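Under the working numbering, think of the first position of the sequence shown as 8, with each following residue one higher. C-beta atoms are modelled at their ideal positions from N, C-alpha and C, and glycine is treated no differently. The model shown is predicted, which means the values in this text are computed figures rather than measured ones.
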Amino acid sequence: MTTLHYIYDPLCGWCYGAKPLVQAARSVLPVTLHGGGMMTGTNRQQVSPQLRNYVMPHDRRIAEYSGQPFGEDYFEGLLRDHSAVFDSTPPTAAVLAAEQLGGHGLELLGRLQTAHYVEGRRISDDAVLLELAHSVGLPAEAFLAAFRAADVQGHIKASRTLLAQVGGQGFPTLALEQDGRFTLIDIGPWLGKPEAVAQWLKQTLPEQAAAPSATCGLDGCSF
């Protein structure tokens, strides 16, 4: 059986750009999520005018290439909220918890991305994560228990190991695994074309290999 490994970060703009591609791929084959911890520890980012000025042109480019919407509540709300902190650890824990509860990790990740980039929500805040988990139908008590018990640092370490193993350069990295062999997928040609990538996967698994061309680095987005 072929599996698509998706190495991502909840706060990675190119991962949001790739959201429709990953969702389309899941209609064709299993997708395994690996949170890479782009903004954890010393790489957590307090929202500031400098951060806003840095990310906005990059977000505009992601929108242009992918067709993904970025909301005014994000640009003029969250990116002006200097009390907000971008921390990948809590949303990664939430995705791990959702995956544990019936394999809903990708569904919750998509909801978190929309909440962040369209609605301007603070997805590093526990209360927001609990609300968003409830909105996709996850039971509150079970989610909270799994969220609190998640071994996020162990998961991030394993994800970084896999990233190096498959030869990925950052986030998102998508790699097909068949019989223990990994094939990188270049997402560049497929951005904004989820139906086409699904059709390509059906027809060509797993012949083609290429390095990803649109990524965020291990410690932040690069363009």
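Candidates the options: which alpha carbon is nearest residue i's?
i: ALA165; options: LEU145, ILE14 and THR10; result: ILE14
i: TYR81; options: CYS19, GLU184, THR121 and HIS141; result: THR121
i: THR47; options: THR99, LEU11 and PRO76; result: THR99
i: VAL102; options: GLN206, HIS162, ILE69 and LEU86; result: HIS162
i: THR96; options: GLN57, PRO37, LEU36 and LEU136; result: LEU136
i: ALA105; options: GLY174, GLN75 and THR39; result: THR39
Output the distance between the C-alpha atoms of residue i and residue j, rounded to the nearest integer angstrom.
i: HIS89; j: GLU126; result: 17 Å
i: ASN50; j: GLN107; result: 27 Å
i: ARG167; j: GLY43; result: 6 Å
i: SER55; j: ILE130; result: 17 Å
i: GLN210; j: ASP186; result: 18 Å
i: LEU6; j: LEU208; result: Since the first residue of the chain shown is 8 and the last is 230, residue 6 is not available in this structure.
i: GLN215; j: LEU115; result: Residue confidence is low: GLN215 scores 41 on pLDDT, short of 50, so the model does not pin down where it sits. Its coordinate-derived value is still stated next. Taking the straight line from one Cα to the other gives about 29 Å.
i: PHE93; j: LEU18; result: 7 Å
i: SER34; j: ARG155; result: 30 Å
i: GLY144; j: GLU138; result: 10 Å
i: GLN52; j: ASP132; result: 14 Å
i: GLY175; j: ALA152; result: 33 Å
i: TYR23; j: ARG118; result: 10 Å
Helix, strand or coil for residue i per DSSP?
i: THR10; result: strand
i: ILE192; result: strand
i: LEU18; result: coil
i: THR39; result: strand
i: VAL92; result: strand
i: ALA152; result: helix
i: ARG129; result: coil
Give a single yes or no on whether residue i has its beta carbon closer than 7 Å to a heavy atom of the ligand COA.
i: ASP132; result: Only the bare structure without any ligand can be found here, which leaves the ligand COA out of the picture.
Determine which residues share a DSSP beta bridge with residue i and list them.
i: LEU181; result: TYR13 and ILE192
i: GLN52; result: PHE93
Practice task
Would you be able to state if there are at least three C-beta pairs under 8 Å between the stretch 61-81 and the stretch 140-157?
Solution key: no
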